[in-house]
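Novice:
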Amino acid sequence: MINNRLNHQEILESLWGVDIAKFPAHLATINLAINDLSVIKNYPNIAQEDFFNLVVHQRGFELPEKWRKTRAQTLGVEQREITYPRWFDCIVGNPPYTRQEEITEITEKEGYKENLIKNALYYGGQKLADISKRAGIHAYFFVHGTKFLKDGGRFGFIVSNSWMDVDYGKGIQELFLHHYKIIAIIESKIERWFEDADVNTCIIILEKCKDEKERNENLVRFAYLFKPLRHFIPPAHDMWEKQKQRLDAIENLIRTILYHNDFYQNDELRIYPKKQSELWEEGFDTEENKYTGSKWGKYLRAPEIFFKILEKGKDKLVPLKEIADVRFGIKTGANEFFYLTEEEIKERGIEKEFWMHKDEKGKWMPNTVIISPREAKSVVIKPDSLSKVVLFISKDKEKLKNKKVLSYIRHGERRGFHERETCSSRNIWYRLDRREPWPILHPMIHHDRQTVVSNKYGIQVDHNLFEIKPKRKRDTLPLLCFLLSTVSMLFKEFGGRVNLGEGALKTEGIDVEKLSVFIKFPKEIRQKLRKLAKKYPSPKIKSIFEDLQANAFEDVTLDKVNPTRRELDKIIMGDILGLTEDEQLEVYRAVVDLVKSRIEKAKSVDKKGKIKEGLDVELLTKNIKEKLGDKLLGDFYSEKILSQKNLKTVKLFHTTNEIYIKNELFGWRLISGKEHVDCQSEAEAEYLKIWLESGLDEVKVPKDETYLLKILPELKNLKEKINQIISDHISSITSQKLRSRILQKLQGELF
């Protein structure tokens, strides 16, 4: 391809392409053909076909008969001989980022997903890879593509980076290690590369290799780019001189990555070489005698200090699951039914046995529940800082006669909660059993705080957090302290999953179990930590940037670190791990850099609020606000609703269906799909409809019907005005999906 002496026809004959969609297949055909219209044999080898329908036998690839006939009757020749390769030198592509759950929904074909999986995974009667059902469709492109490549052939894909760090990526890792030399895995620190894909991506370069020894000896280069891709590779250009410059730049980047056999870093990129056999050993479970996977993302994103810590702590650090148990919080299946404020409970008259319990002294206490990590402002979470309690109802309906809670259950059934998947899987859909609280809480989703919480007061816990119980009770305080430390934040950055693409870090249960912690805490360390806990009984949980008084790597100094964090870290990083002060400074700088990069990378696509089709949502919202003046829905709600004393709270629901009002036999009802809300009057139904359309989960309603009738016309006029202005601004957008995304954002901005 780099040979400028090849003519157009020779280049076309060496290229084969496939796309399931008609438009890109036809566009590629036209773009290739028009490069030289003087050549008779000018028809590109592009098939509009499902890649997974293409068949490879033991003797190689077999071009479907219909495509051989199509190409025999094109561009001015009645017939031409079709010569196609049995094996390919190279496969390149950018597979869709479709999740497994969406495959059938997108294709709308019965049994499509099952056929795709079967076609991809099996070759010659043997299964090529063990791919989890949770993997995205890109995993099957790798497996199926393996069949087309000749030995020594190259594979180059740009895909979601999730396979490197999630449990369902182990099948892809094993496929690579068994069939390929992994040449390079490339990821950007600062940009996501695709603005309309809400995931982070990486480039994978593989070389098919049958020789096991050669594969094991191969050095995998993990390359992490600190500059935008355009810094390394100029944009494509029609002029040959510019093409040559681009090819030279690509060749230079390749040489830079492949030249280094040891850790290397400059201001442009970082390269971490890792022997392929070591990747296999790292992910192979000797007890289970199989490959169970490991997190490869750390070799891209981890700074040198991370590996220094692992070396210094190799005899001290173990996975959390070895010293503690981890479990999910409560999965209710219908939070709006099970989580209520005490005000809501009193309004419904629900008996205290269902929302309270007796403590050790026999005193009735509310079943207070923490629903989100955001509710934790300090390390020790107190019941009076939380607004909701959870209902624990274990009796069947026969034993609930004459109880107010029974009417509440029937209300829940009218709203369809009993039909939800989690609820319907229970023998009694509304049954939740009170659990003995565990002492340490760890969130699932992380932003810039280390929100690890002491559950000293026995609060119930939603599934947004994990509960941790040390196997030795004496480890409770030391383990809590370790998980709050900065070095634990560093471990979390590489133990979590950053493929969300929105700046958040996610830790599933299996990730929390694998977090590195100390295998034991010596007596003198436990004593130091107890003294520290007495000195700072419940420190506030702050952003790491606030804790370190630094927003960038270069701003971090030891003297600016919050005293609470600094004293803790001196014990964890200094006394136990033996890190010098300079090394501790490296840890602080690494954490600030990692968290900032994670958050900033999410903004790399949308720095000015722009989304697909070049629309600037921030500017659009600003224009709409200017048109509306100061009277937004949120202002109306604050001034006209929250100012009233006699209010009730009504729970709403999420819907994508049409919303309408109906006068039923026993009153007015607000309906959408299977969801509905019973209303006291038509005015209340009209009032609630406006807020439901605005995306609210719950809303306060004036109990005074006269007042409601008085303010309703003004609210309707305001809503109509907003709708008209939005319509004027987005009416030219043809994509329904894009319009929905814009409306969703505007709802939050205009309330």
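Per our numbering, numbering of the sequence shown is gapless, rising by one per residue and ending at 752.
For each residue, glycine too, the CB sits at the ideal point set by N, CA and C.
#1: E63 lies in the beta strand (DSSP E); which residues open and close that run?
#2: Taking 8 Å as the threshold, find out whether the segment 200–210 comes into contact with the segment 149–160 through three or more Cβ pairs.
#3: Going by Cα to Cα distance, which pick from F522, K524, G504 and K493 is closest to G510?
#4: Measure the Cβ-Cβ separation of A335 and F418 and say whether it is below 8 Å.
#5: Pull up the distance between the alpha-carbon of L16 and that of P45, whole angstroms please.
#6: Tell me the DSSP secondary structure of L76 in three-state form.
#7: Among H448, V93, C91 and S426, which has the Cα closest to the Cα of F546?
#8: What does the Cβ neighbour count give for M240, buried or exposed, with the cut at 16 atoms within 10 Å?
#9: Classify N658 as buried or exposed, calling it buried when 16 or more other Cβ atoms lie within 10 Å of its own Cβ.
#10: With distance defined between alpha-carbon atoms, name the residue in I441, V588, T452 and K359 nearest to I310.
#11: Counting beta carbon pairs with one atom in the segment 649–668 and one in the segment 391–400, are three or more of them shorter than 8 Å?
#12: Leaving aside the five residues before and after F519 along the sequence, list all residues of the same chain whose C-beta is less than 7 Å from its C-beta, in chain order.
#13: Our contact map puts T477 next to P444 with C-beta atoms below 8 Å; I'd like the distance itself, whole angstroms only.
#14: Could you check what DSSP says for A684 in three-state terms: helix, strand or coil?
#15: Let me check understanding here. Comparing Cα to Cα, which of I727, A22, S673 and T581 lies closest to I306?
#16: Just list the residues that DSSP pairs C91 with in beta bridges.
#17: Just reading off the alpha helix (DSSP H) that Q244 is part of, what are its end residues?
#18: For L481, which residues of its own chain have a beta-carbon under 7 Å away from its beta-carbon, when the five flanking residues on both sides are left out?
#19: Assuming N116 is part of the alpha helix (DSSP H), what are its boundary residues?
#20: Classify C1 as helix, strand or coil using the three-state DSSP reduction.
#21: Taking A763 as part of the beta strand (DSSP E), name the residues at either end of that continuous run.
#22: So is K613 buried or exposed if we call it buried at 16+ other beta carbons inside 10 Å?
#23: Name, in chain order, the residues that DSSP records as bridge partners for K353.
#24: Where L28 and I47 are concerned, what is the direct C-alpha to C-alpha distance, given to the nearest angstrom?
#25: With a Cβ-Cβ cutoff of 8 Å, do L595 and R302 count as a contact?
#26: Please return the same chain residues whose Cβ sits closer than 6 Å to the Cβ of M2, not counting the five positions on each side in sequence.
#27: Pop quiz: K541 and K378 are said to be a contact at Cβ under 8 Å. What is the actual Cβ separation, rounded to whole angstroms?
#28: Nearest CA to the CA of I331: which residue from K275, L248, T257 and C424?
#29: With DSSP as the reference, label N456 as helix, strand or coil.
#30: Counting only runs that start and end within the segment 459–506, where is the alpha helix (DSSP H) found for 4 or more residues in a row?
#31: Look up F329 in the DSSP assignment and give the residues it is bridged to.
#32: Verify whether the separation of the beta carbon atoms of V280 and L178 is less than 8 Å.
#33: Which of helix, strand or coil does DSSP assign to T369?
#34: From this set, E345, N219 and N54, which residue's C-alpha is nearest E699's C-alpha?
#35: Skipping 5 residues on each side, what residues in its chain have a beta carbon closer than 8 Å to that of K535?
#36: At a cut of 8 Å, does the segment 692–709 reach the segment 642–653 through at least three beta carbon pairs?
Specialist: The answer reads as follows:
#1: G61 to E63
#2: yes
#3: K493
#4: Yes, Cβ-Cβ distance for A335 and F418 is below 8 Å.
#5: Rounded to whole angstroms, L16 to P45 spans 8 Å at the Cα level.
#6: Caution applies to L76, whose pLDDT of 49 falls short of 50 and renders its modelled position unreliable; the value that the coordinates give is listed next. L76: coil per DSSP, three-state reduction.
#7: H448
#8: exposed
#9: exposed
#10: Ranking I441, V588, T452 and K359 by Cα distance to I310 puts V588 first.
#11: no
#12: K317, L318, F483 and I577
#13: Rounded, the Cβ-Cβ distance is 18 Å, inconsistent with contact.
#14: helix
#15: T581
#16: DSSP lists R155 as partners of C91.
#17: Run containing Q244: W241 to Y260, per the alpha helix (DSSP H) assignment.
#18: I441, V453 and S455
#19: Y113 to L122
#20: Coverage of the chain is limited to positions 2 through 752, which leaves residue 1 absent and any answer about it impossible.
#21: Within the shown structure, residues of the chain are numbered from 2 to 752, placing residue 763 beyond reach of any answer.
#22: Low local confidence applies: a pLDDT of 41 at K613 is under 50, so the model's placement there is unreliable, and no value is given.
#23: Partner(s): none; K353 has no beta bridge.
#24: Each residue's alpha carbon lies about 10 Å from the other.
#25: Yes. Within cutoff.
#26: The pLDDT assigned to M2 is 47, lower than 50, so where the model puts this residue is not dependable, and the model offers no usable value.
#27: 6 Å
#28: C424
#29: Coil.
#30: 477–485 and 487–496
#31: F467
#32: Val is not the amino acid found at residue 280; the sequence shown has Leu there. Cβ distance < 8 Å, so L280 and L178 count as in contact.
#33: strand
#34: E345
#35: The beta carbon of K535 lies closer than 8 Å to none in the same chain, with the five residues before and after it left out.
#36: The answer is yes - the segment 642–653 touches the segment 692–709, with three or more Cβ pairs under 8 Å.
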